[in-house]
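The UniProt record's numbering numbers the first residue of the sequence shown as 1 and each following residue consecutively. All remarks here apply to the structure that follows.
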Amino acid sequence: MTTLILVLFTAALIGILIFGKKHEILIANIMNGMLFIGLVTAFGFNSNPMGLFYLTVAFYYVIPMYGVIGLFAVMKKGRAKKQNSLV
Numbered sequence: 001m002t003t004l005i006l007v008l009f010t011a012a013l014i015g016i017l018i019f020g021k022k023h024e025i026l027i028a029n030i031m032n033g034m035l036f037i038g039l040v041t042a043f044g045f046n047s048n049p050m051g052l053f054y055l056t057v058a059f060y061y062v063i064p065m066y067g068v069i070g071l072f073a074v075m076k077k078g079r080a081k082k083q084n085s086l087v
């Protein structure tokens with residue numbers, strides 16, 4: 001179930017970043033934040049070894065996604081500058 005949720009969130013994040021026209025970086029940050037909060041909450045509710053899985057996913061998947069979102073933000077800013085230039 002967790003894998004299915006991660007796949008759906010990933011598809012939604014990438015879709016928003018690629019096809020979004022307005023405020024896509026903000027929406028992607030909010031979605032990633034919701035996923036992070038959900039995984040940390042799941043870790044808190046599971047005090048068994050399965051709970052460590054949620055924490056591991058949060059550190060190895062969700063936190064690097066902020067880097068991907070930042071990369072898309074930089075690329076978008078560069079593309080907007082290039083379109084506004086006369087060169």
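For glycine and all other residues, C-beta sits at the position ideal for the given N, C-alpha and C. A quick note: this is a predicted structure, and the numbers were derived from the prediction, not measured.
So, helix, strand or coil for residue i, using DSSP?
i     : result
GLY33 : helix
LYS21 : coil
Ordered along the chain, which non-local residues of its own chain (more than five positions away) have a Cβ less than 6 Å from that of residue i?
i     : result
ALA28 : LEU13, ILE16, LEU17 and ILE69
ALA42 : TYR54
In chain order, what residues of the same chain have a beta carbon less than 7 Å from the beta carbon of residue i, not counting five sequence neighbours either side?
i     : result
LEU35 : PHE9 and VAL62
Taking 8 Å as the cut-off, does the region 14-28 touch the region 68-82 (at least 3 CB pairs, one atom from each stretch)?
yes
Check whether the region 50-62 touches the region 13-20, taking contact to mean three or more Cβ pairs, one atom from each stretch, closer than 8 Å.
no
Please go through the region 48-78 and give each complete alpha helix (DSSP H) segment of 4 or more residues, from N-terminal end onward.
49-57
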